[in-house]
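Working notes, structure below.
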Amino acid sequence: MLEAEGQNLIIHAGKEIDHMEAEKIRRDFEEYYLKGHIKNVIFDMSEVEFMDSSGIGMIIGKYMKVRYVGGKVFVTGVSDNIDRILKMSGIYKIVSKRDNIFQALRSC
Amino acid sequence: MDGIQKMSIEFGCEPANESFARVAVAAYAARLNPTVEEVSDIKTAVSEAVTNSIIHGYYGIPEGRITVECAIKGDRLMVSVTDKGVGIEDINKAKEPMYTTRPELERSGMGFVFMEAFMDEVTVESTAGKGTIVKMSKKITSDEQIDDDLSMAVGYN
Chain L
5 MLEAEGQNLI IHAGKEIDHM EAEKIRRDFE EYYLKGHIKN VIFDMSEVEF
55 MDSSGIGMII GKYMKVRYVG GKVFVTGVSD NIDRILKMSG IYKIVSKRDN
105 IFQALRSC
Chain H
238 MDGIQKMSIE FGCEPANESF ARVAVAAYAA RLNPTVEEVS DIKTAVSEAV
288 TNSIIHGYYG IPEGRITVEC AIKGDRLMVS VTDKGVGIED INKAKEPMYT
338 TRPELERSGM GFVFMEAFMD EVTVESTAGK GTIVKMSKKI TSDEQIDDDL
388 SMAVGYN
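Okay, here's the thing in C-alpha cells:
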C-alpha cells in the first residue's frame, strides 16, 4: 500500500517481500511517480517477516529514481531478521534506517 | 540425491509457487530443529533459486516445471532446485554481485550472493538450452534452547 505525504511517498510493504510483492510495489510506485512530485521514499517494513533479494532490488530501484532529484530513501520498522538481510546486502550505504515513519519524515 | 528421508516436489513456474517452495522446504527442515534465523536463511536461499528458475530459466516458457528435492545427511539439510529452462551461459558472471539480465524488473543481481551467504555450500550446474541445477547445503545447529524450554515446560529435566 502506498501513501503520499507531500513530496514523500510511504510504501507499506507486505509480510513477504519476494518477486511478486516487489513487482506489485514497482507497478504501484510507477503510477505515483508518473504523477510527479515524489522526492523521498519511505519503506515501512514493520509488517515484513520474510525478504529475499527482490527486496534489495526494490529499494535500489527507488533510490536510482529519486537520487536525480536529490531525494532520499529510508527504511523504517525493520525487525532484527530483516536488518540482518539488509546489512548483508550493503544497502545501508545508500539508504538510511529510522525507527518509525515519523522519524523518517522528519529526516526528509 | 543421497540421504535418508528424502522429499521432492514438482510445480509449475508461476511466481506464486515461490512462497509454496520456500515454505515446503522450511517445513521439511523443521525436523532438524533449526533456529529462527536458520529457517529464515533457508527460506531466503530457496526463494532465490526458485525465483531464478522462474524469471530467467523459464523466461517466455510458461509451461516450465521446477523440481525441489530435499534430504538430510546427519545435521545437514541438502536442497536442490532443478529447472529445464534456458540455462546459464556464464555461471561466474551470473554469480557476480549486482549482475542481472533483467534490470527492467528491478532485479538486484544479488540472488547467488544471497544463496552463498545464507547456505554453507552452493553449487550450480547449468547447460545452455538444457537447464540448471542449484545444489545447496546447510549445517543446522539445532535450537537446543527450545528443547530445554520445552522440557522444562512439560516438567522434565
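Protein sequence lines correspond, in order, to chains L and H.
Taking this note's numbering, the leading residue of the first sequence gets 5, the next gets one more, and so forth.
Taking this note's numbering, the leading residue of the second sequence gets 238, the next gets one more, and so forth.
Backbone N, C-alpha and C define an ideal beta-carbon position, used for all residues, glycine too.
Same chain only: Cβ atoms within 6 Å of residue i, ignoring 5 sequence neighbours per side
i: H/N254; result: F248
i: H/M356; result: A282, M373 and K375
i: L/R31; result: none
i: H/M335; result: G346
i: L/D56; result: D22
CB contact below 7 Å: residue i versus chain H
i: L/G65; result: yes
i: L/I60; result: yes
i: L/N12; result: no
i: L/R31; result: no
i: L/S100; result: no
i: L/M24; result: yes
is_contact[residue i, chain L] using C-beta, thresh 7 Å
i: H/P252; result: yes
i: H/R302; result: no
i: H/G237; result: Absent from the structure is residue 237 of chain H, since the part of chain H shown begins at 238 and ends at 394.
i: H/M347; result: yes
i: H/A354; result: yes
i: H/F351; result: yes
i: H/E285; result: yes
i: H/T288; result: yes
i: H/S374; result: no
Residue i classed as buried or exposed, judged by whether at least 16 other C-beta atoms fall within 10 angstroms
i: H/N329; result: exposed
i: L/I63; result: buried
i: H/D312; result: exposed
Minimum C-alpha distance to residue i - residue among the options
i: L/N44; options: L/L13, L/T80, L/L6 and L/I63; result: L/L13
i: H/V262; options: H/M347, H/S245, H/G294 and H/G366; result: H/S245
i: L/M92; options: H/E353, H/A266, H/T338 and H/E362; result: H/E353
i: L/G59; options: L/R88, L/D103, L/R110 and L/Y36; result: L/R88
i: H/T369; options: H/V273, H/T304 and H/V260; result: H/T304
i: L/Y67; options: L/F47, L/S57 and L/N104; result: L/F47
i: L/A108; options: L/I86, L/L90 and L/G75; result: L/G75
i: H/G346; options: H/G311, H/E251, H/L269 and H/A331; result: H/A331
i: L/K39; options: L/V82, L/G10, L/F78 and L/G81; result: L/G10
i: H/M315; options: H/V260, H/P252 and H/Y265; result: H/Y265
Cβ shell of residue i (< 8 Å), same chain only, five flanking positions each side left out
i: H/K367; result: K321 and G324
i: H/I292; result: R339, L342 and R344
i: L/T80; result: I46, F47, D48, M49, S50, K101, R102, D103, N104, I105, Q107 and A108
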